[in-house]
Amino acid sequence: MKLDGRFGRFGGAYVPEILVPALEQLEAAFLDAQQDPGFVAELADLLSTYAGRPTPLTRCRNLSKGRTRIYLKREDLLHGGAHKTNQVLAQGLLARRMGKKRLIAETGAGQHGVATALAGALFGLETCIYMGADDVERQQLNVFRMELMGATVIPVTAGGRTLKDAVNEALRDWTASFDDTHYLLGTVAGPHPFPLMVREFQRVIGKEAREQILAIEGRLPDAVVACVGGGSNAIGMFSDFVGDEGVKLIGVEAAGKGLAGREHGATILKGRPGILHGAETLLLQDADGQVDDTWSVSAGLDYPAVGPEHAHLKESGRAEYVGITDAEALDAFIALARGEGILGAFESCHALAQALKLAEQGEDQILLVNLSGRGDKDVGQAMNLLAPADREAAQ
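Whatever position you read off the sequence shown (first residue = 1), add 185 for the working numbering.
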């Protein structure tokens with residue numbers, strides 16, 4: 186391959202030899218497409234006329250505290266309901282460019298599965314989605330949406346029955362099918378060129394947000410906050426602010442039931458270097474180096490690794506990472522609904538919860554939060570999680 190796909194010491198491509206030609210073909214197609222004005226123009230048209238970009242910035246009228254202004258980058262308003270749509274349209278175009286007839290993907294919360302299903306329908310490609318069996322139970326609405334758009338959803342019952350196991354099955358499928366199949370990986374993880382390619386296709390989030398906050402406030406934000414599972418929405422949001430040293434980059438991981446135990450998904454805060462799904466990055470591991478199971482109320486954050494660029498941003502000190510528990514994220518979910526009339530995805534509400542903590546300081550600051558997805562998919566789960574007393578209090 187032309188590039189080594191490294192972010193500091195992290196990244197690379199650790200795959201079986203049989204997959205190397207598929208990755209080489211993908212890297213070549215991606216690099217060529219970036220230089221092709223026809224590809225760039227068609228993608229820009231799809232993002233505008235099909236996906237609904239640009240998405241707005243919304244100032245929180247009631248959750249902003251004192252002199253703190255909180256702004257939400259509204260990726261939840263994108264067609265498909267999440268930031269995932271940005272890069273599936275781009276990878277769908279690439280798949281067509283490479284002459285592929287079939288898409289496969291993995292999904293946790295279902296948002297990437299829905300996005301891939303819509304791309305498959307749009308480009309006329311057979312589509313197959315691997316999803317952990319537990320996530321299938323948690324995200325029935327999204328499973329139905331995928332099937333409505335013609336995708337086949339395959340529950341994965343191996344291992345922990347969540348996103349990690351779905352990725353394993355998708356990679357196994359691709360090993361046998363890459364001649365006619367494109368693996369539409371959903372985040373900035375996996376072997377090169379996926380982390381680089383997905384970042385570039387999600388960069389539109391940060392580019393727009395930077396221009397919008399400058400237009401509204403006349404200056405850059407003090408901090409940009411985004412949730413991190415695999416890390417695609419956060420990398421997309423951070424990318425155009427990395428060079429602005431005065432802007433804090435804050436990634437928010439799933440602290441689940443607490444960082445003191447093992448029921449969390451805080452890969453960066455609690456992980457160690459290792460190799461998973463074709464990349465060297467930070468992983469949650471047990472004492473024997475085996476990949477640990479994870480826990481989060483958010484299926485999209487329930488992943489034991491993280492994109493290698495996040496591992497590098499942490500190690501280099503350019504970004505800081507914090508943990509938000511399930512309970513804190515649920516409180517933010519309720520606060521956003523009651524305070525602003527917006528249902529945010531559980532994943533995004535981890536980022537909002539951190540912003541609300543910062544707002545309590547009462548400083549003159551601008552906080553920019555990526556609301557990466559809408560919470561319709563989480564409403565049924567929220568009804569089960571909220572005890573009757575909590576639901577009464579929320580009213």
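All C-beta atoms in this analysis are idealised placements derived from N, C-alpha and C, irrespective of residue type, glycine included.
Counting along the chain, the unbroken beta strand (DSSP E) around residue 244 starts and ends at 242–244. Within the DSSP secondary-structure output, residue 316 pairs in a beta bridge with 292, 340. In the three-state scheme derived from DSSP, where H, G and I count as helix and E and B as strand, residue 448 is classed as coil. A residue is called buried when at least 16 other Cβ atoms come within 10 angstroms of its Cβ; residue 506 meets this threshold and is buried. The beta carbon of residue 232 sits closer than 6 Å to the beta carbons of 238 from its chain, once the five residues preceding and following it are set aside; these are given in chain order. Contact between residue 517 and residue 560 fails: their C-beta atoms lie close to 11 Å from each other, not under 8 Å.
For residue 285, the closest C-alpha among the options 460, 210, 409, 461 is that of 210.
Contact between residue 409 and residue 553 is confirmed by a C-beta separation of about 5 Å, below the 8 Å threshold.
By the 16-neighbour rule on beta-carbons within 10 angstroms, residue 557 is buried. Under the criterion of beta carbons closer than 8 Å, residue 465 and residue 493 qualify as touching, at roughly 7 Å. When DSSP states are grouped into helix, strand and coil, residue 556 belongs to the strand group. Contact annotation: the region 336–343 touches the region 302–320, with at least three C-beta pairs closer than 8 Å.
Residues 478 of the same chain have their beta carbon placed closer than 6 Å to that of residue 345, with the five preceding and five following residues left out of the count. Relative to residue 528, the option among 267, 225, 229 whose CA is nearest is 267. Between the region 377–385 and the region 411–427, the count of C-beta pairs closer than 8 Å reaches three or more; the two stretches touch.
When 457, 335, 236, 407 are compared, the shortest CA-CA separation from residue 270 is found for 236. Below 8 Å, too few C-beta pairs join the region 479–486 and the region 536–556 to call them touching: fewer than three.
In the pairwise beta carbon analysis, the region 273–282 is classified as touching the region 292–305: at least three pairs are separated by under 8 Å. Under the three-state reduction of DSSP output, residue 565 falls in the helix class. Excluding five sequence positions before and after residue 515, the CB atoms of its chain that fall closer than 8 Å to its own CB belong to 482, 531, 534, 567, 570, 571, given in chain order. Residue state for residue 254 is assigned as strand, using DSSP reduced to three classes.
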